[in-house]
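Structure first, commentary second.
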Amino acid sequence: MIFHALIVDDSSAVRAFVRASLESADFARVEEAGTGFEALRILATHAFDVVIVDVNMPDINGLELLSFMKKSPRQQGARKILISTQAGGLDSQRGVELGADAFLKKPFTVDELRELVSRLLTPVEGVSG
Amino acid sequence: MTDPRDNVQQEFLAEAQELVEALSRDLLLLDEAHHRGERIDPALVNEIFRSVHTLKGIAGMFGYKHVGAVAHALEDLLDDLRLGRTAVGQNLLDILFDSVERFQSLLTLEDPQSPQEEAGVQQYIAAIRSVGIEEEVEEGDPIDKYAIDQAVLAVLTEYEEHRLRACIREGLRLYRLRASFDLMTIDDSIEALREQVQEEVEIITYLPSMEGGNEDTIELVVLLAARVSEEELKAEFEGRYGLIEAIAEQTHLPTLPPRRTSIPVLSMRPPSEDDGGQASLRSVADSVRVDIRKLDHLMSVVGELALVRSAVNRIVDRFKHDVTHRQSTMDLDRIGRGLERQLLELRTGILDVRMVPLGQVFNKLARIVRQSAREDDKQVRLVVTGANTEVDKLIVEELTDPLMHLVRNAVDHGIESPEARLQANKREEGTLALNAYHKGSNVVIEVEDDGGGMNAHLLRDEAIERGLLTVEASQELSRQEMLDLVFLPGLSTRSEVTDMSGRGVGMDVVKTNILRLGGMISIASEQGTGTKITVTLPITLAIIRALIVTVAARTFAFPITAVREAIPYMPNEVHTIHGRNVITLRGETLAICDLGQLFDLRKPGDREGKFVVVGSMGNRKLGFVVDELIGQEDVIIKSLGKSLSSVRGFAGATDLGDQKVALMLDAPALFTEYFEGPDVFRGLESRP
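Residue numbers (this note's numbering), protein chains in the order written: chain A, 2 to 130; chain B, 7 to 694.
Pasting the structure below:
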């Protein structure tokens, strides 16, 4: 099956990179949001399998989006990846508390991203879906 | 599996370039605030941090190792700056300004991993790391003073938390604003909110909540820090945005949890037509990046369509008097006019897309001014007007080098040292003005300094010394003509050439570059008071309005920007001065030049031309004798190709439809040849 992913980042190069990484080989269909507001609009009406958010964005930051998704009934099934600066820093600690499933540290490679997303989206054995 | 990086490489370069430009712009603002002793806006520092942070991230992903390494070191420094661990100082500013140039050169490397760059990059990184860090003494967490929702505290990024702390320390009061926003218009609403609060209020964060929201609206809890009282804040925001609530200061124990659910929410949803609940994933991003070559292609399609339009015109003309096809001819004429209107709109649209503000170049120039002034120990104030003036992207790019040279010259040679200025009864600080404005279909850029001005006689003497001018010829020169000597190849204005201008190109190269863009350059200078260099350029290179003429049954096109007027030619009124043919036009002597003879197209005994096209270049005028005036047309210039590139006097060829090709005359070259050089128009006999 093709997964449905959302990348939220204010850098269009990062969005293009994520899209190209995940869309090749029909792995996932990727939607993009360039601001937190745009993400809110999309998240309000569409469900995703995986949402990748950058922590540092102007206005609505990545943590706030995580907090929003945690409360949003529509996004309960989404796996969440937070793009943060330092692993283990304050931002990623807060991310865990807000329900982030994994972290990506910029810069990341195509393979790291694909590997992480497929690991998150593979159903755990013994758990029926 | 193909590497997706290949496809998005362009996206990376474009964004990286934008980030570096933004960095440069913001650094100038920071520098200015620092020098004026103003409070440094934390939002500005954060913007600078964000640019570098983003650049670091994407550089790493796209294999730009050196860019990534430099950005990483800078990011750490800027992080310290925005988190208050270090302060803005001269040393720090210098390091930051250096980074702009470095990024630009590193981004243009053929091999972004190039080992040759390694040493320089490491050295620079060491310099960045050496900028001192002033540790701040923490005495208890000021955030504990307030009863802030845990839900809000949990979503603050490290930076936001720092700003919150800093605001509390500065004595600002904390407030909570709860408001509901329409999801479709939230960007604009928040922008409006931000504009309104600028001075007295800092927005710490926005937390979207699920309460009171549905698919169309969302409620935000906005955490504010303000200098003003609760009453003032309420008066300004309540009703317009939502409910304002002061956040209580903790006394001993945490107070009761805030009454979150009991607060009514005012809706900000503007009355709008029902969109039927249709949600769309359409991206609302409002801009796209386009490769300029695609626009060039579109422009040439417009050119081809214009030819179709002329073909229709000719058919209409042919049948105009044919009674049997009267109705059809009229219909065709109407269709042709419609096509022309749409074409014009299409063309205007494409041209509009190509336009970028000159501010981009001006920012770069501002850095040069700053740098040159420091190297020369001079004080220079830069005054910029018209940074929003728009010009074709290609022109902006070609313009950067010549303008950089002019600006360097102005600082190095124009503006005097503070001591010399004081002696001359001037302010210690020199002023360099960069002005840009539109004038008809041209853009004018002025580089004006209030320095020592140019020494016209020195220029003349130097020209004579170098054998560029004979003593006899020099005696007839006006002051203006002496100043214009500075554009001669190989003439430098000063014997002691400073380090910087010694490296730069000479004024002759500046002039050549400007002329190549279809522009003009002129100098005005008063000794003791300053120099003004004026560069006039077409707004776009993609299309040129031309006057079409014929000479000996061949068709030529004059760029209309070089044409002053056209008058009937009276051979009997021609007389000769200094071996040149001249006529008198409204009391002024006008030199004339017969294009037929110049290009060797007329044989003895052929009838003479009927019109004089009066051309002007800067402050010079020259009349060109032609046979017929066909009319004005907008033409798209095509290059003559490599094999004909040595032929002077023509800027290119243009297709007029009807299988007719006209040669576009290179007005600057014609002027130069006529006034300055002997016949270089040889070899034209074989031209069509």
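Note that the Cβ used here is the ideal one computed from N, Cα and C, for glycine as well.
Is I224 of chain B helix, strand or coil when you go by DSSP? One-based indexing of the second sequence puts residue 224 of chain B at position 218. I224 of chain B falls in the strand class under three-state DSSP.
Please report the straight-line C-alpha distance between D10 of chain A and I224 of chain B, rounded to a whole angstrom. Here residue 10 of chain A corresponds to residue number 9 of the first sequence, with the count starting at 1. Here residue 224 of chain B corresponds to residue number 218 of the second sequence, with the count starting at 1. Inter-residue distance for D10 of chain A and I224 of chain B is about 20 Å (C-alpha atoms, whole angstroms).
Does any residue of chain B have a CB that is nearer than 7 Å to the CB of I61 of chain A? On the first sequence, position 60 is the one that residue 61 of chain A refers to. Look at I61 of chain A: its C-beta is under 7 Å from a C-beta on chain B.
Is the beta carbon of C173 of chain B sitting closer than 7 Å to the one on E201 of chain B? The residue labelled residue 173 of chain B in the question sits at position 167 within the second sequence. The residue labelled residue 201 of chain B in the question sits at position 195 within the second sequence. The answer is no: Cβ separation not under 7 Å.
Between A6 of chain A and R135 of chain B, what straight-line distance do the alpha-carbon atoms span, to the nearest angstrom? On the first sequence, residue 6 of chain A is found 5 positions in, with the first residue counted as 1. On the second sequence, residue 135 of chain B is found 129 positions in, with the first residue counted as 1. The alpha-carbon atoms of A6 of chain A and R135 of chain B are separated by roughly 39 Å.
Can you tell me which of the three DSSP states V314 of chain B falls into? What you label residue 314 of chain B is simply residue 308 of the second sequence in a count that begins at 1. V314 of chain B: helix per DSSP, three-state reduction.
Please tell me whether F617 of chain B and V632 of chain B are closer than 7 Å, where the distance is taken between their beta carbons. Sequence index remark: in the second sequence, residue 617 of chain B carries index 611 (1-based). Sequence index remark: in the second sequence, residue 632 of chain B carries index 626 (1-based). Yes, they are a contact pair.
Assign D11 of chain A to one of three DSSP states: helix, strand, or coil. The residue you call residue 11 of chain A lines up with position 10 of the first sequence. Three-state DSSP puts D11 of chain A in coil, outside helix and strand.
Suppose you measure from the CA of R376 of chain B to the CA of N97 of chain B; what does that come to, to the nearest Å? Along the second sequence, read from residue 1 onward, the residue named residue 376 of chain B stands at position 370. Along the second sequence, read from residue 1 onward, the residue named residue 97 of chain B stands at position 91. Counting only the Cα atoms, N97 of chain B lies some 14 Å from R376 of chain B.
Name the chain A residues that come within less than 7 Å of F18 of chain B, Cβ to Cβ? Residue numbering aside, residue 18 of chain B sits at position 12 when the second sequence is read from its first letter. Taking the beta carbon of F18 of chain B as reference, the chain A residues within 7 Å of it are A14, listed in sequence order.
Residues from the region 534 to 551 of chain B in contact with chain A, defined by Cβ distance under 7 Å: For the region 534 to 551 of chain B, the beta-carbon criterion of a distance under 7 Å to any beta-carbon of chain A is satisfied by none of its residues.
What is the DSSP secondary structure of M190 of chain B, counted as helix, strand or coil? Counted from its first residue, the second sequence places residue 190 of chain B at position 184. For M190 of chain B, the three-state secondary structure derived from DSSP is coil.
Indicate whether L99 of chain B and D32 of chain B have their beta-carbon atoms separated by less than 7 Å. Here residue 99 of chain B refers to the residue found at position 93 when the second sequence is read from its first residue. Here residue 32 of chain B refers to the residue found at position 26 when the second sequence is read from its first residue. In this structure, D32 of chain B does not lie closer than 7 Å to L99 of chain B by Cβ.
Beta carbon proximity, D50 of chain A to chain B, threshold 7 Å: Position 49 of the first sequence holds residue 50 of chain A. It does not: the Cβ of D50 of chain A has no partner Cβ on chain B nearer than 7 Å.
If you measure from the beta carbon of F4 of chain A to each beta carbon in chain B, is any gap under 7 Å? Locating residue 4 of chain A in the first sequence gives position 3, counting from the first residue. Output row for F4 of chain A: interface = no.
Would you list the residues sitting across from H41 of chain B in a DSSP beta bridge? Locating residue 41 of chain B in the second sequence gives position 35, where the first residue counts as 1. DSSP lists no bridge partner for H41 of chain B.
Whose CA, out of B:K445, B:L199, B:A426 and B:I421, lies closest to the CA of G457 of chain B? Within the second sequence, residue 457 of chain B is the residue found at index 451, counting from 1. Nearest of B:K445, B:L199, B:A426 and B:I421 to G457 of chain B, Cα basis: B:I421.
Within the same chain, show all residues whose beta-carbon is closer than 8 Å to that of T561 of chain B, passing over the 5 residues directly before and after it, in chain order. Walking along the second sequence from the start, residue 561 of chain B turns up at place 555. Within the same chain, T561 of chain B has close Cβ partners I554, V555, I636, L662, K666, V667, A668 and L669.
Could you give the DSSP three-state label for V158 of chain B: helix, strand or coil? Taking the second sequence and counting its residues from 1, one reaches residue 158 of chain B at position 152. Assigned with DSSP and collapsed to three states, V158 of chain B falls in helix.
Determine the direct distance from the alpha carbon of R343 of chain B to that of F325 of chain B, and round the result to whole angstroms. Against the second sequence, residue 325 of chain B aligns to sequence position 319. Against the second sequence, residue 343 of chain B aligns to sequence position 337. Answer to the nearest angstrom: the Cα atoms are 16 Å apart.
Using alpha carbons as the reference points, say which of B:D514, B:I643 and B:G629 lies closest to D551 of chain B. Taking the second sequence and counting its residues from 1, the one referred to as residue 551 of chain B is at position 545. Correcting the residue identity first, residue 551 of chain B is Arg in this sequence and not Asp. Ranking the options by Cα distance to R551 of chain B, first place goes to B:I643.
Compare the C-beta of G90 of chain B against all C-beta atoms of chain A and say whether one is closer than 7 Å. The sequence position of residue 90 of chain B within the second sequence is 84, counting from 1. No, its Cβ sits nowhere closer than 7 Å to a Cβ of chain A.
Within its chain, find whatever has a CB closer than 7 Å to the CB of Y443 of chain B; leave out the 5 residues flanking it on each side and keep chain order. The residue labelled residue 443 of chain B in the question sits at position 437 within the second sequence. The answer, listed in chain order, is G392, T395 and V450.
Is there a C-beta anywhere in chain A that falls below 7 Å from the one on Q15 of chain B? Numbered from 1 along the second sequence, position 9 holds the residue referred to as residue 15 of chain B. Closer than 7 Å: no.
Please confirm whether E21 of chain B has its beta-carbon closer than 7 Å to some beta-carbon of chain A. Numbered from its first residue, the second sequence carries residue 21 of chain B at position 15. By this cut-off, E21 of chain B is an interface position.
The beta strand (DSSP E) with V31 of chain A in it runs from where to where? Locating residue 31 of chain A in the first sequence gives position 30, where the first residue counts as 1. That run of the beta strand (DSSP E) goes A29 to A34.
Could you work out which residues of chain B lie near A103 of chain A, taking near to mean beta carbons separated by less than 7 Å? For the purposes of this step, residue 103 of chain A is taken as the residue at position 102 of the first sequence. Result: empty, since nearest Cβ-Cβ is about 17 Å, beyond 7 Å.
Within a Cβ cutoff of 7 Å, which residues of the same chain sit near A133 of chain B, ignoring the five residues on either side of it in sequence? In the second sequence, the residue the question calls residue 133 of chain B occupies position 127. Cβ within range, chain order: I101.
Given a cut-off of 7 Å on the beta-carbon distance, is the pair L84 of chain B and F55 of chain B in contact? Within the second sequence, the letter at position 78 stands for residue 84 of chain B. Within the second sequence, the letter at position 49 stands for residue 55 of chain B. For L84 of chain B and F55 of chain B, yes; Cβs fall inside 7 Å.
Per DSSP, what kind of secondary structure is E279 of chain B in: helix, strand or coil? Position 273 of the second sequence, counting from 1, holds the residue named residue 279 of chain B. The predicted position of E279 of chain B is uncertain, since its pLDDT is 39 and thus under 50; a value taken from the coordinates is nonetheless stated next. DSSP places E279 of chain B in coil when its eight states are reduced to three.
Provide the residue(s) that pair with D600 of chain B in DSSP beta bridges, ordered along the chain. Translated into the one-based positions of the second sequence, residue 600 of chain B becomes position 594. Partner(s): B:V631.
Thinking just about the alpha-carbon of each residue, which of B:L388, B:L409, B:T535 and B:E310 is nearest to the one in L350 of chain B? Within the second sequence, numbered from 1, the residue matching residue 350 of chain B stands at position 344. Among B:L388, B:L409, B:T535 and B:E310, the Cα nearest to that of L350 of chain B is on B:E310.
Within 7 Å (strictly less), CB to CB, does Y212 of chain B reach chain A? Counting from one through the second sequence, the residue named residue 212 of chain B turns up at place 206. Judged by the 7 Å Cβ criterion, Y212 of chain B is in contact with chain A.
Give the residues from the region 181 to 199 of chain B that approach chain A closer than 8 Å (Cβ to any Cβ), ordered along the chain. Listed in sequence order: L189, M190, I192, D193 and I196.
Residues of the region 41 to 75 of chain B with a CB closer than 8 Å to any CB of chain A: list them in chain order, please. Going along the region 41 to 75 of chain B in chain order, one finds R56, H59, T60, K62, G63, I64, A65, G66, M67, F68 and G74 with a Cβ nearer than 8 Å to chain A.
Of all Cβ atoms in chain A, is any one closer than 7 Å to the Cβ of V161 of chain B? Mapped onto the second sequence, residue 161 of chain B falls at position 155. Yes, V161 of chain B counts as interfacial toward chain A.
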